[in-house]
Each structure stands twice: as structure tokens, then as C-alpha cells.
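I have placed the structure first, in the form of C-alpha cells, so that the comments after it can refer back to it.
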Amino acid sequence: LAADRDIAEVLAELGFVAPDLAKTAREELESSGLTRPGKRRLSIAKFPAVAELLHDRFARACSSAVCQAAMRRARPAATLVVVPSTSQCEYCAGSDNRRAILHLAELCRLRNIRRILVVGGSPSLHDELTNTKAAAWELRLVLGTERRTSDKAKADVDWAQLVLIWGGSELDHKVSTLYTSRPEARGKTVVVAKRGISALFTAAAEHLGR
Ligand SMILES: [Zn+2]
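Take a look at the structure:
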């Protein structure tokens with residue numbers, strides 16, 4: 001195993017691909033003594049220090065406006081760098097689900113929203129929601145084919161701070177109208193037509209961001 005690696009290659013892997021950007025990053029390494037002018041290889045032992053330095057100086061985001069805005073807020077003193085590959089993005093790491101959940105979690109935190117009701121979806125989608133949800137959220141999940149009474153639906157809506165009607169997933173008309181017809185649901189309900197968890201959370205974030 002090589003104990004060192006090509007500096008330009010390492011920087012490119014981290015997203016510093018454009019020549020001027022790679023040059024700026026390299027200059028940061030030189031001015032902090034992690035390498036010196038003309039040197040091509042970097043010892044693996046220095047990788048943690050390099051990662052820390054680049055993390056301090058630069059905030060890396062993909063082309064998504066959500067990711068860029070989030071990185072600006074997270075590290076205002078760092079220079080925002082738009083990386084060519086989404087996997088190099090410090091916010092979403094190339095995952096639409098991750099971006100959507102983090103973004104919604106941030107908006108919910110700002111608005112003190114923790115209790116989220118999701119109406120619709122299959123048991124396997126609900127498992128996925130439970131496994132990927134933000135730690136601060138309390139989820140109440142209603143299956144799209146579940147028999148729910150009107151009283152129970154009212155209690156669900158009263159409990160929830162945000163109601164997501166997931167029309168893009170498995171959802172019987174009878175179940176959805178139990179919820180959408182409630183006057184209490186007004187103002188906190190989002191009807192999502194698209195499939196997929198990232199679409200669900202993106203629509204919720206758009207609603208809260210309005
Ligand atoms: Zn991103």
C-alpha cells in the first residue's frame with residue numbers, strides 16, 4: 001500500500017476539480033504547512049489534517065439550490081464551492097432522500113414542528129419512513145388502505161402539526177377524504193401527488209417554506 005497519494009488526485013476526489021479551485025485549495029494546504037510548493041505527493045498520515053482544513057475553509061455543495069443555501073447557513077465563514085459530483089456534496093452526499101429529509105427537518109425545527117401525520121402508503125414505505133425520519137420527529141402513519149373511523153381521523157388531525165396526504169402512494173379515496181374533509185386540517189395539510197419519500201418531504205418543505 002502506498003503511504004502517500006497524488007495531491008491533485010486527492011483534491012479532485014473531494015470536489016476541487018476546476019483548475020482555479022484546485023489551485024486555491026492547494027494554496028491553503030501550503031500556507032498551513034501541510035505541503036510546500038512543487039511537492040506532488042501527500043502522506044496519508046496528513047489526510048485527517050487536510051480534511052479538517054478544507055472543511056474549515058470551504059463548504060462543498062452540489063448544484064442543488066437547497067444544498068447550497070444549507071451549506072451557506074451551516075458554515076457562513078467558509079467559501080462555498082460547487083462540486084461537480086453530488087456524492088461530494090457535504091449536505092446531500094448524492095442522496096435525494098437525504099437532502100429532502102434534512103431540508104424538511106431544518107424547516108420543522110425553525111417552526112417548532114415535531115408531530116407529523118402521514119396518510120397513505122404501504123407497510124414497507126412506512127418502515128422506510130420510520131427508518132429515515134429525522135430524530136426530532138414523531139410520526140403517525142396511516143396506511144392507505146386502513147379502516148379509520150371519523151373520530152380517529154379527527155384525533156389524528158388534532159394531534160398533528162403537519163398533515164401529509166400521500167396521494168402518490170397507495171391511498172384509498174375513502175381514507176384520504178376522512179382527512180382532507182376536516183376543517184381542522186386546513187392550513188397544515190399538504191396533498192402530495194408524487195411517488196417516493198423524497199417527493200413527499202420535498203412537497204412538505206415547499207409548503208413550510210412558503
Ligand atoms: Zn447536494
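Letter by letter, the sequence shown follows residues 1 to 210 of the working numbering.
We put the beta carbon where it would ideally sit given N, CA and C, even for glycine.
Query, Result
"Helix, strand or coil at ASP4 according to DSSP, with G and I counted as helix", "strand"
"Cβ neighbours of ASP6 in the same chain (closer than 7 Å, five flanking residues each side left out)", "ARG40 and ARG41"
"Selection from ALA2, HIS126, THR202 and SER95 that minimises the alpha carbon distance to HIS103", "THR202"
"Residue environment, THR189, which counts as buried when at least 16 other CB atoms sit within 10 Å", "buried"
"ARG114, DSSP secondary structure in three states", "coil"
"Contact test: ARG26 Cβ vs ligand 1 heavy atom, cutoff 7 Å", "no"
"ALA205 at chain D interface by Cβ criterion, 8 Å", "Absent here is chain D; the protein component of the structure consists of one chain."
"When PRO76, VAL83 and THR132 are compared against ALA100, the one with the closest alpha-carbon", "THR132"
"Counted within 10 angstroms of its Cβ, other Cβ atoms place LEU110 as buried (16 or more) or exposed", "exposed"
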